[in-house]
Amino acid sequence: MTSITIELKGEDALKALEDLEEKDLIRIVKEPDRNLYTLPGEPMSDEDFRNWIEFAENTPSLTLNEAKKRWADKKQKLQKRIR
84 MTSITIELKG EDALKALEDL EEKDLIRIVK EPDRNLYTLP GEPMSDEDFR
134 NWIEFAENTP SLTLNEAKKR WADKKQKLQK RIR
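Throughout the sequence shown, residue numbering follows my numbering, covering 84 to 166 in sequence.
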């Protein structure tokens, strides 16, 4: 058995999958495993993954209060653009 995770782009896609499930060709899992480490897009090589982790570890961190302040500032700027 092979398992895959997919992202549906509309009700028509879900209906098509449900039709396959009715024909007993696939099984739709209602409660997916939340411990999956997947992102949309092409698979990442081991080297790219290690580089990504290294970059993240070397990136400066923020305190929660600083992050909230930055978000509040950005939110205000975005709201001004909308108006």
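All C-beta atoms, glycine included, are put in the ideal place defined by N, C-alpha and C.
Quantities reported herein were computed from a predicted structural model and do not represent experimental measurements.
### As assigned by DSSP and simplified to three states, the class of Arg166
The residue given as residue 166 occupies position 83 in the sequence shown. Correct three-state label for Arg166: coil.
The alpha helix (DSSP H) that contains Glu114, what's its start and end? Working through the sequence shown from its first residue, we reach residue 114 at position 31. Going by DSSP, Glu114 is part of no alpha helix (DSSP H) at all; its letter is neither H nor E.
Worksheet item: CB Glu104 to CB Arg110, shorter than 8 Å?
Response: As a working note, residue 104 is residue 21 in the sequence shown. As a working note, residue 110 is residue 27 in the sequence shown. For Glu104 and Arg110, yes; Cβs fall inside 8 Å.
> What number of angstroms, rounded off, separates the C-alpha of Ser128 from the C-alpha of Trp135?
Replying inline: As a working note, residue 128 is residue 45 in the sequence shown. As a working note, residue 135 is residue 52 in the sequence shown. Using only the alpha carbons, I get a separation of about 10 Å.
**Nearest-angstrom Cα separation, counted from Ser144 out to Arg166** = Within the sequence shown, residue 166 is the residue found at index 83, counting from 1. Within the sequence shown, residue 144 is the residue found at index 61, counting from 1. Computed Cα separation, rounded: 32 Å.
Checklist entry - So what does DSSP say about Ile87, is it helix, strand or coil? => result Here residue 87 corresponds to residue number 4 of the sequence shown, with the count starting at 1. Judged by DSSP in its simplified three-state form, Ile87 adopts coil rather than helix or strand.
Option in Glu130, Gly124, Lys106 with minimal Cα separation from Glu90: Taking the sequence shown and counting its residues from 1, the one referred to as residue 90 is at position 7. Nearest C-alpha to Glu90: Gly124.
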